[in-house]
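**Q** Let me give you the structure first, and then I'll get to my questions.
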Amino acid sequence: MATKNILEMHSITKTFPGVTALEDVEFSVEQGEIHGICGENGAGKSTLMKILSGVYTHGQYHGKIIYDGEEARFHSIKDSERSGIVIIHQELALIPYLSVAENIFLGNEQRRKTGLIDWNATNHAAEKLMEQVGLDENPMTPVFQLGVGKQQLIEIAKALSKDVRLLILDEPTAALNDEDSQHLLGLLRTLREERGVTSIMISHKLGEITSVSDRTTILRDGKTIETLDMSDKDATQDRIIRGMVGRDLESRFPARESNIGEEMLRVENWNVYHPTQDGRLMVEDAHFNVHAGEVVGFAGLMGAGRTELAMSLFGRTYGKNITGEVYKSGKLIKTRDVSEAIDHGIAYVTEDRKRYGLNLIEDVRRNISSAALSRKLAVRGWVNGNAEMKVAEEYRTSMNIKTPSVLQTVGNLSGGNQQKVVLSKWIYSDADVMILDEPTRGIDVGAKYEIYTIINRLVSEGKAVIVISSELPELLGICDRIYTIAFGRVTGETSVDKATPEGLMKLMTQEKAATPPSKKKEHQKS
Amino acid sequence: MTAIMNLKELLTRNARQSGIYIAFVAIVVFFAILTDGTLLTPGNLTNIVLQYSYILILAIGMVIVIIGGHIDLSVGSLVALSGAVSAVVVVQEGFPWWAGVLAALAVGVIAGAWQGFWVAFVGIPAFITSLAGMLLFRGLTLLVLDNISLSPFPSAYSEIAAGFQNGLLGGSGYDVFTLVIFAIAVVGYTFNAWRSRQGRIAYQQSVEAIGLFIARIVVVGVVVMAFGWQLANSRGLPNVLIILAVLIIAYTLITTRSVFGRHVYALGGNLTAAMLSGVKVRWVNFGIMLNMGVLASVAGIVYSSRSNGAQPAAGEMFELDAIAACFIGGAAVTGGVGRVTGAMVGGLIMAVMSNGMQLMGIDQSVQQVVKGLVLLLAVAFDVYNKRRAGASAGAVGNR
Numbered sequence: 000m001a002t003k004n005i006l007e008m009h010s011i012t013k014t015f016p017g018v019t020a021l022e023d024v025e026f027s028v029e030q031g032e033i034h035g036i037c038g039e040n041g042a043g044k045s046t047l048m049k050i051l052s053g054v055y056t057h058g059q060y061h062g063k064i065i066y067d068g069e070e071a072r073f074h075s076i077k078d079s080e081r082s083g084i085v086i087i088h089q090e091l092a093l094i095p096y097l098s099v100a101e102n103i104f105l106g107n108e109q110r111r112k113t114g115l116i117d118w119n120a121t122n123h124a125a126e127k128l129m130e131q132v133g134l135d136e137n138p139m140t141p142v143f144q145l146g147v148g149k150q151q152l153i154e155i156a157k158a159l160s161k162d163v164r165l166l167i168l169d170e171p172t173a174a175l176n177d178e179d180s181q182h183l184l185g186l187l188r189t190l191r192e193e194r195g196v197t198s199i200m201i202s203h204k205l206g207e208i209t210s211v212s213d214r215t216t217i218l219r220d221g222k223t224i225e226t227l228d229m230s231d232k233d234a235t236q237d238r239i240i241r242g243m244v245g246r247d248l249e250s251r252f253p254a255r256e257s258n259i260g261e262e263m264l265r266v267e268n269w270n271v272y273h274p275t276q277d278g279r280l281m282v283e284d285a286h287f288n289v290h291a292g293e294v295v296g297f298a299g300l301m302g303a304g305r306t307e308l309a310m311s312l313f314g315r316t317y318g319k320n321i322t323g324e325v326y327k328s329g330k331l332i333k334t335r336d337v338s339e340a341i342d343h344g345i346a347y348v349t350e351d352r353k354r355y356g357l358n359l360i361e362d363v364r365r366n367i368s369s370a371a372l373s374r375k376l377a378v379r380g381w382v383n384g385n386a387e388m389k390v391a392e393e394y395r396t397s398m399n400i401k402t403p404s405v406l407q408t409v410g411n412l413s414g415g416n417q418q419k420v421v422l423s424k425w426i427y428s429d430a431d432v433m434i435l436d437e438p439t440r441g442i443d444v445g446a447k448y449e450i451y452t453i454i455n456r457l458v459s460e461g462k463a464v465i466v467i468s469s470e471l472p473e474l475l476g477i478c479d480r481i482y483t484i485a486f487g488r489v490t491g492e493t494s495v496d497k498a499t500p501e502g503l504m505k506l507m508t509q510e511k512a513a514t515p516p517s518k519k520k521e522h523q524k525s
Numbered sequence: 000m001t002a003i004m005n006l007k008e009l010l011t012r013n014a015r016q017s018g019i020y021i022a023f024v025a026i027v028v029f030f031a032i033l034t035d036g037t038l039l040t041p042g043n044l045t046n047i048v049l050q051y052s053y054i055l056i057l058a059i060g061m062v063i064v065i066i067g068g069h070i071d072l073s074v075g076s077l078v079a080l081s082g083a084v085s086a087v088v089v090v091q092e093g094f095p096w097w098a099g100v101l102a103a104l105a106v107g108v109i110a111g112a113w114q115g116f117w118v119a120f121v122g123i124p125a126f127i128t129s130l131a132g133m134l135l136f137r138g139l140t141l142l143v144l145d146n147i148s149l150s151p152f153p154s155a156y157s158e159i160a161a162g163f164q165n166g167l168l169g170g171s172g173y174d175v176f177t178l179v180i181f182a183i184a185v186v187g188y189t190f191n192a193w194r195s196r197q198g199r200i201a202y203q204q205s206v207e208a209i210g211l212f213i214a215r216i217v218v219v220g221v222v223v224m225a226f227g228w229q230l231a232n233s234r235g236l237p238n239v240l241i242i243l244a245v246l247i248i249a250y251t252l253i254t255t256r257s258v259f260g261r262h263v264y265a266l267g268g269n270l271t272a273a274m275l276s277g278v279k280v281r282w283v284n285f286g287i288m289l290n291m292g293v294l295a296s297v298a299g300i301v302y303s304s305r306s307n308g309a310q311p312a313a314g315e316m317f318e319l320d321a322i323a324a325c326f327i328g329g330a331a332v333t334g335g336v337g338r339v340t341g342a343m344v345g346g347l348i349m350a351v352m353s354n355g356m357q358l359m360g361i362d363q364s365v366q367q368v369v370k371g372l373v374l375l376l377a378v379a380f381d382v383y384n385k386r387r388a389g390a391s392a393g394a395v396g397n398r
């Protein structure tokens, strides 16, 4: 194997307002290797890849990129693509109603001298590329007719059409089944051997990482922890997990005395299918419960099905063909739409407050009242404006929302204060089961502490709280009990005094037990 | 702490809303000068009210549609259809005037429910649904009228829009009743403004300085009473103005105080967030379209009454005037923003411009050009403002 480094990134530091995403990261990739990157959500993997692919341009970060022996300064994605670096994002960027060939050559159309597109050349070239990635389809087929696995291959064919030398894949197998995953990983090996393509692969599937990558770099909290040579027999999944989570649990969490009461919510045999991809099971046979006065954590990596589980419970706002039973205080209930769920005292605080949680052009007052307007603030359809104002003022004080006035537009508040507005809205709706999806995402340390304090207050009032989070220290710091979710299934239940980050991470990356023969190798290793 | 705002803060803080009122005043003054005062004569003011009342009625419904993030292109055709049905009932079949009114309203309800069904429950964008409705209702109008005009209505029917309340309380040379009504309106406005100011103080919100507050009341009072005086000196209080005033007050309340109104703003501002807050998005959308249908039929009644008959081509391009009124009046193309009062001022800006240009004898073609440019500039101003506000909001968010 060649030992020359195709890429070296030296002391890369990238800060966003208030947050340091990357700090002095060192990262190098050898010519012709497959290099894995592991790390928790928010560890800085995607930010690092965005710097490499020119999404964050030269000057927006500190540090030096040496590509192919020369210092590289990318000013756009086009720049990096011209030097042969292509990134394939987790969310595929294909246009569903265009054909395979059109997608492959989008932005890079095969033109005649007249400037018109040469369709014969396009389709012919596309066929050749498809052959290389092992895709046996008509190049004129619209992309939406193909499954996700094949779409992923089209992305790679597209990369090949750009003469890729360094291919970056962000969670390439997250949406794929075992067979497609195996094909994809095999393809990466083939490309290396036949075309000398170097690959960087971000993945949460540690089995894949250990089986396919030559070396693996672990990131944590925006820093490089170590780069493992995977041929080394110490380079096990356990070692990777330790690297990903090994951080000290400081006193970042307010103390709480837990006082657990009756069972509040129980969910049984819960199954949810993907809303558009037929037959894709997103949540499989989930069982869990939560008691009054208890904080229950859902630990899972991004895409594990945590949000899908929560939203399908909350008025079927996600998925289709949902089956299963929900019991509230022992009684079977139905939550067929959002208002029914709210009537039963269930609240869901979204992970994406700007898109799903708030009306950003409306003021603080009206956002707080929005979930309980007709229930608590209106008589025969008419809103009591004075009462509404009073409620808003109360919550501004009790939740410590920092705003010059409750008439301030919510879009102007900081992330932490926006989150407090969303929480106020749901607390005011009188919910006694609160599902908080990534409640501290994108907010600073001080505001996080305040959110934890609010959670503690809620359970001390006898409410049940479910916290979905991919930050293990957070869950370990605030929960009584933690469920782990991986690939759509609840893979474990641990009480917090017995839970360790390593143990949870193992359950969070645990793949389905019944494995097709092609995956044996991985399991031998692990 | 109660913050007291001075004039400059007040204007800059809400540039879009104050901008529209300033523009309105400027346009009135501009045309009053160019027409040597003809614009503000009693007869002409009455004319403006009568001529544009149906556009204003449509704009009330349209602004709600636009706040909800939709658009309705069918209202012009619906004006024609409801007028036509009314004419068939009253003129052709000889039923009394109120039967025509009821028939027209029924048309509005059915047409509104029809469009509401497709928009809310089937999920066809309102643009497409109402484009279809525009053709559909126009075609039905032609069918109902058998391609010819029907007229005249009995006088009781034409009184609806062409009649006046005059002489109820006597008065020599001017109508006392009209003045009394306007005086009550000014008192009501003052009382309401005072109450809301006290409310804001009670909740420690910033309010304008007391001098400024009084100045605002005085200016509004003088302008309204002057308008009333002019009407009283002409033919008295037009019935249409009463209908319009009732609708404006009712819909201002609905949009600002009712749960329905608030849900319209919520789903226009962020549809998913509204849905996840328990807003019954489908029923709200249905209600929006239903309401538009009803208001279009009210406009149809007023229009047929004023023109004293039903014509196959009635109401053409009304939808565009109503939509323009909303956007000039500060509604946002993306939904979630807009006010009934804004749409009314937007409509009046268009009314005064058209009327002014007509008085000056300016060619129809030039009028169209000017109206088009005004619409474009108003929205451009809106976009510019938002970008500026967005930039500063970003800075706040980064704290």
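Protein chains in written order, with numbering that gives the first Met the number 0: chain A, 0 to 525; chain B, 0 to 398. Cβ coordinates follow ideal geometry from the N, Cα and C atoms, glycine included.
1. Taking one C-beta from the stretch 346 to 353 of chain B and one from the stretch 22 to 29 of chain B each time, how about it: are there three or more such pairs within less than 8 Å?
2. From what residue to what residue does the alpha helix (DSSP H) around H262 (chain B) run?
3. Is it the case that the stretch 0 to 15 of chain A contacts the stretch 467 to 480 of chain A, given that we only count it when at least three CB pairs across the two stretches are under 8 Å?
4. By DSSP's criteria, C478 (chain A) is part of a beta bridge. Which residues make up the other side?
5. Roughly how many whole angstroms lie between the Cα atoms of G476 (chain A) and G260 (chain A)?
6. Is Y355 (chain A) close to chain B, meaning its C-beta is less than 8 Å from at least one C-beta of that chain?
7. Using three-state DSSP, classify G162 (chain B) as helix, strand or coil.
8. Among B:G132, B:V90, B:I21, B:G371, which residue has its Cα nearest to the Cα of S73 (chain B)?
9. On the three-state DSSP scale, how would you describe D233 (chain A)?
10. Under 8 Å between beta-carbons, which chain B residues line up against N358 (chain A)? List them in chain order, please.
11. Starting from N4 (chain A), follow its DSSP beta bridges and name the residues at the other end.
12. From the DSSP output, in three-state form, read off F29 (chain B) for me.
13. Name, please, each residue of chain B whose Cβ falls closer than 9 Å to the Cβ of E361 (chain A).
14. I'd like the list of long-range same chain contacts for Q33 (chain B), defined as Cβ closer than 8 Å, with 5 residues on each side in sequence excluded.
15. Extract the residue ranges of the alpha helix (DSSP H) inside the stretch 347 to 394 of chain A, only unbroken runs of 4 or more that lie entirely within it.
16. Tell me whether F15 (chain A) sits in a helix, a strand or coil according to DSSP, three-state version.
17. Count the other CB atoms within 10 Å of the CB of H203 (chain A); is the residue buried (16 or more) or exposed (fewer)?
18. Are K222 (chain A) and E22 (chain A) closer than 8 Å when you measure CB to CB?
19. Give every residue of the same chain whose Cβ lies closer than 7 Å to the Cβ of I216 (chain B), excluding the five residues on either side of it in the sequence, and list them in chain order.
20. Taking one C-beta from the stretch 338 to 346 of chain A and one from the stretch 314 to 330 of chain A each time, how about it: are there three or more such pairs within less than 8 Å?
21. Excluding five sequence neighbours on each side, which residues of the same chain lie with their C-beta closer than 6 Å to the C-beta of L248 (chain A)?
22. 8 Å is my cut-off, CB to CB: does R256 (chain B) come that close to chain A?
23. Against W381 (chain A), what residues of chain B qualify as contacts under a CB-to-CB distance less than 7 Å, listed in chain order?
24. Can you grab the Cα-Cα spacing for the pair G93 (chain B) / V280 (chain B), in whole Å?
25. Between G328 (chain B) and chain A, is the shortest Cβ-Cβ distance under 8 Å, so that the two count as touching?
26. Leaving out five residues on either side along the sequence, give the residues of the same chain with a beta carbon under 7 Å from the beta carbon of T56 (chain A).
27. Taking all protein chains shown into account, do 16 or more other C-beta atoms lie within 10 angstroms of the C-beta of A377 (chain B), making it buried, or fewer, making it exposed?
28. Quick one: is P151 (chain B) buried, meaning 16 or more other Cβ sit within 10 Å of its Cβ, or exposed?
29. State the DSSP-derived secondary structure class of F297 (chain A), mapped to helix, strand or coil.
30. Quick one: grab the DSSP three-state call for H88 (chain A).
31. Taking the DSSP output, what are the residues bridged to C37 (chain A)?
32. Over the uninterrupted beta strand (DSSP E) stretch that includes N320 (chain A), give me the two end residues.
33. Flag V294 (chain A) as yes if its beta-carbon sits less than 8 Å from any beta-carbon of chain B, otherwise no.
34. From what residue to what residue does the alpha helix (DSSP H) around A58 (chain B) run?
35. Go through its chain and collect everything with a Cβ distance to L275 (chain B)'s Cβ below 7 Å, but skip five positions before and after it.
36. Nearest chain B C-beta to I36 (chain A) closer than 8 Å, yes or no?
**A** Inspection of the coordinates gives the following:
1. The stretch 346 to 353 of chain B vs the stretch 22 to 29 of chain B: in contact.
2. Taken as a continuous stretch (DSSP letters only), the alpha helix (DSSP H) holding H262 (chain B) covers 258 to 268.
3. With the cut-off at 8 Å, the stretch 467 to 480 of chain A and the stretch 0 to 15 of chain A do not touch.
4. Beta-bridge pairing links C478 (chain A) to no other residue.
5. The alpha-carbon atoms of G476 (chain A) and G260 (chain A) are separated by roughly 20 Å.
6. At least one chain B Cβ lies under 8 Å of Y355 (chain A).
7. Assignment of G162 (chain B) by DSSP, reduced to helix, strand and coil, places it in the coil class.
8. It is B:G132 whose Cα lies nearest to the Cα of S73 (chain B).
9. D233 (chain A) sits in coil when the DSSP states are folded into three classes, being neither helix nor strand.
10. Result: Y264, A265, G268, N269, A272, A273, G335.
11. Answer is A:E29.
12. Three-state DSSP puts F29 (chain B) in a helix.
13. Result: Y264, A265, G268, N269, G335.
14. For clarity, residue 33 (chain B) is Leu in the given sequence; the question names Gln instead. Excluding sequence neighbours, L33 (chain B) sits near G355, M359.
15. Complete alpha helix (DSSP H) runs here, min 4: 363 to 368, 372 to 375.
16. F15 (chain A): strand per DSSP, three-state reduction.
17. With 16 or more Cβ atoms within 10 Å of its Cβ, H203 (chain A) is classed as buried.
18. Yes. Within cutoff.
19. Cβ contact annotation for I216 (chain B) (same chain, cutoff 7 Å, sequence separation greater than five): T189, A192, in chain order.
20. Short answer: they touch.
21. Since pLDDT at L248 (chain A) reaches only 46, below the 50 mark, its modelled position is unreliable, and the value read off the structure follows with that caveat. Hits under 6 Å: P472.
22. Output row for R256 (chain B): interface = yes.
23. Against chain B, the beta carbon of W381 (chain A) has neighbours under 7 Å at R256, S257, listed in chain order.
24. G93 (chain B) and V280 (chain B): Cα-Cα distance of roughly 43 Å.
25. Not one chain A Cβ lies under 8 Å of G328 (chain B).
26. Contacts found: F73, H74, S75.
27. Its Cβ being crowded by 16 or more others within 10 Å, A377 (chain B) is buried.
28. Counting other Cβ atoms within 10 Å of its Cβ, P151 (chain B) stays below 16 and is therefore classed as exposed.
29. In the structure shown, F297 (chain A) sits in a strand (DSSP, three-state: E or B).
30. It is coil, neither helix nor strand.
31. In DSSP, C37 (chain A) forms a bridge with A:I217.
32. For N320 (chain A), the enclosing beta strand (DSSP E) covers residues 319 to 327.
33. So no, V294 (chain A) is outside the interface.
34. Annotation for A58 (chain B): the continuous alpha helix (DSSP H) segment containing it runs 41 to 66.
35. For L275 (chain B), where only same-chain residues beyond five positions count, there are no Cβ hits under 7 Å.
36. Output row for I36 (chain A): interface = no.
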